[in-house]
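Enquirer: Before I ask anything, here is the structure I am working with.
There are 2 protein chains.
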Amino acid sequence: MMFSYATHLSCPKCGAIYGIDRVNQLCRCGSPLLARYDLEALRKTWKRDDMRGRPNHLWRYHELLPVRQPAHVVSLGEGMTPLLPLPQLGKDMAISRLLMKDEGVIPTGTFKARGAAVGVSKAKELGVKELAMPTNGNAGAAWSLYAARAGIQCHVVMPVDAPMITRNECAISGAHLSLVDGLISDAGHIVAQGIKELHWYDASTLKEPYRIEGKKTMGLEIAEQLEWNLPDVIIYPTGGGVGLIGIYKALSELRDLGWVRDQLPRLVSVQAEGCAPIAKAWEEKKQTSDFWNDASTVAFGINVPKALGDFLVLDAIYRTAGCALAVDDHSILQEQKRIAQMEGAFVCPEGAAAFVAARRLRQNGWIKEGETVVVLNTGAGIKYPDTVRTNPPLLQPGEPLPVFQSGDPQPLKPS
Amino acid sequence: MMFSYATHLSCPKCGAIYGIDRVNQLCRCGSPLLARYDLEALRKTWKRDDMRGRPNHLWRYHELLPVRQPAHVVSLGEGMTPLLPLPQLGKDMAISRLLMKDEGVIPTGTFKARGAAVGVSKAKELGVKELAMPTNGNAGAAWSLYAARAGIQCHVVMPVDAPMITRNECAISGAHLSLVDGLISDAGHIVAQGIKELHWYDASTLKEPYRIEGKKTMGLEIAEQLEWNLPDVIIYPTGGGVGLIGIYKALSELRDLGWVRDQLPRLVSVQAEGCAPIAKAWEEKKQTSDFWNDASTVAFGINVPKALGDFLVLDAIYRTAGCALAVDDHSILQEQKRIAQMEGAFVCPEGAAAFVAARRLRQNGWIKEGETVVVLNTGAGIKYPDTVRTNPPLLQPGEPLPVFQSGDPQPLKPS
């Protein structure tokens, strides 16, 4: 058995082929590249039972990852996050089996760790010494920390409105951080210019082909955690969309290996009403999205006005009979609170958006009675303190506790 | 096989026995109570190999946990956190095998989730409807969220200086939160008064006997992750000290089961110079600690002027030929940065304190050449944004990237 069965990169648009053992970024045609594996060989030698007893991180799937040498793996122990039943919330939504894939329980507190772990590992294997990327915060934080572990210098540009804590993560790792008074698309232009001049490795979303392989492991884990019985629906909050592309790729590869049944789950892409290019494209039955002007949402991670991989996201939705929809910020914050109070899970606003979508899709009958629904919570709520307002009473030592009315977080009067 | 082999509670001070199937708090004599198990029966029927393939959360050790019915388990998927090799930092400290047990990778982002998971589960089993506790922030956040999942009303009092994000966690869960203009000891007095009047369940540290059982699982996991070969030294940042008591209890139980060798690791208790009651007691060879006046440290979680379980912490140190020491805040913040830059791990200041201790103990020869050292990082750095200062340059869209000098996070001049 080899450590990795990766064979090459291929272009999903024009079909061009590239080697996987040297630096490649976008295809000549401008499309992202996808890693390919010798699934035929794997099908013969690799069985589902081989997974039993493997370490509980994403490198348990190393055969389906692009890193050739175990020595190049840069890991902080990421992966095998909980797939958590949410029975109270499920009941509240009339979804009989509601599960949350909780990507808050991972190094750096968001699913971006997966992309960074595999992306940085492969960059290290390819001999990269310096990389650059734009970010809405969490990806930059994750890449900064993994790059530090790999000994790779990292340059990050993020919007000034990105979550504050992600600045600290970049800074403490020793990355070079700049802010931009604009959106991630503005950050992207600045990075592109810097790369052109300084010849760094471009770690922008989908401009390197390997973070998608990291994100793919969410799909592999969901399948394994359900003992290879796929759910009916998977709901994913969509900014750049790499997670959804990755999950689709994972399940397709598992199907080709014969590890799961042929019919894949319906994939749902959730966006915010203030930034919904993919939802709009889906409604209009288009293959690509248009740039969304004046993008704005409390769910900052999905504030992406135009995704490079939009055509891959839309393709995955169409092929699985999925759908795309946009939800409003007010509902997101309400749902975030409801999840915490009913299930004890403090999810990020992007995750909350996906739960709002689950509720809507059950209400309008798109999710049917008895279906199993997996919702991706892409990060920990603790990374977004501004989404919660608190005003607790301040006591002096020796003062008695105030009297609270049940269900009301504010005190009525001192006891 | 039974789900739990718990038999009773016993007092480590006076030897009194209490039932484990009804609410018990402190012993009549004022000491915390400890849960006991039928280790003799377990020794006959439960083997190390039985652990293979069990789910990757702390309930894999249910035989050694106090919850009788699986239906009472309140879980967010906590446990089996990474035991991460830190080769660069180890080299820098001249420790040949340095491992970090990373408790940032757990629901709520700190090891308090373990105590809350088991404590709340057992409270649910005992029929508790309402509980109260003082906290330095993270425990209150964890108990609030687990209590919400269990449907138990939660009252929390925390110092006004506790990490801001922990307020949000309490608030979003629906807990009743008050702040006190003082220390955790002041919060404790307020809670005690409220409990006396309102007859809530007292979930204060060690006033209920089960959070220690949750914390114990850190020790079980370290042993299992090292394939039942114990390390030479385990270093633990100590506030209330429950984790250290728990690790000692875990390893003692594993020894009684015959799963590990007789000689336990030397346990090290680390405190901050601004609040070091246990380090002082250890230096003076005392069995208990004195209240520490004017306690203050950047490592807020260990800002505990007097721990109820101090005698248990000191006992565990003496019995394992361990030690206790205090480190300064400046070194803590320096080490926190070094760990991020060398290993890509953004640890909490309490965790960083434990790494400072590792460095000191190797320098003075207490840790010897070739020893295996496990350091507990008790939480994610992202919960403590104030420990990192950043001042990144702000660009306008279209502006070029500033030029950074290698290793300097501040730009020299615009390019």
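If you read the protein sequences in the order shown, they are chains G and F.
The opening residue of the first sequence carries number 0 in numbering that gives the first Met the number 0; numbering runs sequentially from there.
The opening residue of the second sequence carries number 0 in numbering that gives the first Met the number 0; numbering runs sequentially from there.
Here a beta-carbon is modelled for each residue, glycine too, at the ideal position from N, C-alpha and C.
Rounded to whole angstroms, what's the CA-CA distance from Thr216 of chain F to Leu75 of chain F? Just pull it up for me.
Expert: The alpha-carbon atoms of Thr216 of chain F and Leu75 of chain F are separated by roughly 15 Å.
Enquirer: Report yes or no: do the stretch 152-172 of chain F and the stretch 372-384 of chain G share at least 3 C-beta pairs separated by less than 8 Å?
Expert: Flag = yes, the stretch 152-172 of chain F and the stretch 372-384 of chain G touch.
Enquirer: According to DSSP, which residues form a beta bridge with Glu129 of chain G?
Expert: Paired residues: G:Gln152.
Enquirer: Are the Cβ atoms of Thr386 of chain G and Val297 of chain G separated by less than 8 Å?
Expert: Yes.
Enquirer: Using a Cβ-Cβ distance under 8 Å, would Leu163 of chain F count as near chain G?
Expert: Sequence check: residue 163 of chain F is Met here, not Leu. Cβ-Cβ to chain G under 8 Å: yes for Met163 of chain F.
Enquirer: For chain F, check one thing: does any of its Cβ atoms lie closer than 8 Å to the Cβ of Lys128 of chain G?
Expert: No, because no Cβ of chain F sits closer than 8 Å to the Cβ of Lys128 of chain G.
Enquirer: Once DSSP output is grouped into helix, strand and coil, what is the label at Gln270 of chain G?
Expert: Correct three-state label for Gln270 of chain G: strand.
Enquirer: Are there three or more Cβ pairs, one per stretch, closer than 8 Å when the stretch 247-265 of chain F is compared with the stretch 278-298 of chain F?
Expert: Flag = no, the stretch 247-265 of chain F and the stretch 278-298 of chain F do not touch.
Enquirer: From which residue to which residue does the alpha helix (DSSP H) around Ser95 of chain G run?
Expert: Note, Ser95 of chain G: premise wrong, no alpha helix (DSSP H); not H, not E.
Enquirer: Are Val372 of chain G and Leu97 of chain G close, meaning C-beta to C-beta below 8 Å?
Expert: Going by C-beta atoms, Val372 of chain G is nearer than 8 Å to Leu97 of chain G.
Enquirer: With distances taken between CB atoms, is the gap from Ala40 of chain G to Ile19 of chain G smaller than 8 Å?
Expert: No.
Enquirer: Measure how close the beta-carbons of Asn137 of chain F and Gly350 of chain F come, nearest whole angstrom, since I'm counting them as under 8 Å.
Expert: That belief does not hold up - the Cβ atoms of Asn137 of chain F and Gly350 of chain F are roughly 12 Å apart, past 8 Å.
Enquirer: Would you mind reading off the limits of the alpha helix (DSSP H) that contains Phe354 of chain F?
Expert: Here the alpha helix (DSSP H) through Phe354 of chain F covers 348-362.
Enquirer: Quick one: using the 10 Å Cβ neighbour count with 16 as the cut-off for buried, is Leu411 of chain G buried or exposed?
Expert: Unreliable placement is indicated for Leu411 of chain G, whose pLDDT of 43 sits below 50; the coordinate value is still reported in the next sentence. By the neighbour-count rule (16 or more Cβ atoms within 10 Å), Leu411 of chain G is not buried but exposed.
Enquirer: For Gln333 of chain G, count neighbouring C-beta atoms within 10 Å of its own C-beta (all shown protein chains included) and say buried if the count is 16 or more, exposed if not.
Expert: With fewer than 16 Cβ atoms within 10 Å of its Cβ, Gln333 of chain G is classed as exposed.
Enquirer: With H, G and I counted as helix, E and B as strand and the rest as coil, what does DSSP make of Lys12 of chain G?
Expert: Of the three classes helix, strand and coil, the one that applies to Lys12 of chain G here is coil, per DSSP.
Enquirer: Taking its Cβ as the centre, do 16 or more other Cβ atoms sit within 10 Å of Trp227 of chain F, making it buried, or is it exposed?
Expert: Result: exposed.
Enquirer: Here's a check: name, in chain order, each residue in its chain whose Cβ is nearer than 8 Å to the Cβ of Val73 of chain G, leaving out the five neighbours to either side.
Expert: Here the set comprises Ala116, Val119, Ser120, Lys123, Tyr145, Arg148, Ala149.
Enquirer: If the cut is a Cβ gap below 7 Å, which residues of chain G does Glu342 of chain F touch?
Expert: Residues of chain G passing the Cβ test: Arg148.
Enquirer: Quick one: what's got a C-beta closer than 7 Å to Arg47 of chain G's C-beta in the same chain, skipping five residues either side?
Expert: Correct list, in chain order: Trp227, Trp258.
Enquirer: Determine the chain F residues that contact Phe403 of chain G at a beta-carbon separation under 7 Å, and present them in chain order.
Expert: Under the 7 Å cutoff, chain F gives His175.
Enquirer: Cα separation between Ala357 of chain F and Lys100 of chain F?
Expert: Approximately 14 Å between the Cα atoms of the pair.
Enquirer: Looking at chain G, is there any beta carbon in it that lies within less than 8 Å of the beta carbon of Thr134 of chain F?
Expert: So, not an interface residue.
Enquirer: If you count every other CB in all the chains shown that lies within 10 Å of the CB of Leu307 of chain F, and 16 or more means buried, which is it?
Expert: It counts as buried.
Enquirer: DSSP three-state label for Phe403 of chain F, please.
Expert: Note: Phe403 of chain F maps to strand in three-state DSSP.
Enquirer: Alpha carbon to alpha carbon, how far is Met341 of chain G from Pro399 of chain G? Give it in angstroms, no decimals.
Expert: Going from the Cα of Pro399 of chain G to the Cα of Met341 of chain G covers about 29 Å.
Enquirer: Based on the DSSP secondary-structure assignment, which residues constitute the bridge partners of Ile233 of chain F?
Expert: DSSP lists F:Leu266, F:Val373 as partners of Ile233 of chain F.
Enquirer: Candidates F:Gln24, F:Met157, F:Leu263, F:Gly193: which alpha carbon is nearest Leu315 of chain F's?
Expert: Note on residue identity: the sequence assigns Ala, not Leu, to residue 315 of chain F. Closest by alpha carbon: F:Leu263.
Enquirer: DSSP has Leu178 of chain G in a bridge; who is on the other side?
Expert: Its beta-bridge partners are G:Met157, F:Leu393.
Enquirer: For Gly238 of chain F, which three-state DSSP category applies?
Expert: Of the three classes helix, strand and coil, the one that applies to Gly238 of chain F here is coil, per DSSP.
Enquirer: Let me make sure I understand the geometry here. Which of F:Asp261, F:Leu182, F:Lys248, F:Lys111 has the alpha-carbon closest to that of Ala34 of chain F?
Expert: Nearest option by C-alpha distance: F:Lys248.
Enquirer: Is the CB-CB distance between Ile244 of chain G and Ile211 of chain G below 8 Å?
Expert: Going by C-beta atoms, Ile244 of chain G is nearer than 8 Å to Ile211 of chain G.
Enquirer: How far does the beta strand (DSSP E) with Tyr36 of chain G in it extend, from its first residue to its last?
Expert: That run of the beta strand (DSSP E) goes 33-36.
Enquirer: Among G:Leu313, G:Leu393, G:Glu282, G:Ile366, which one has its Cα closest to the Cα of Ala93 of chain G?
Expert: Per the Cα distances, G:Ile366.
Enquirer: Quick check: the Cα distance between Cys13 of chain F and Cys28 of chain F, rounded to an integer number of angstroms?
Expert: Answer to the nearest angstrom: the Cα atoms are 7 Å apart.
Enquirer: Interface residues of chain G around Gly52 of chain F at Cβ under 8 Å?
Expert: Arg51, Gly52, listed in chain order.
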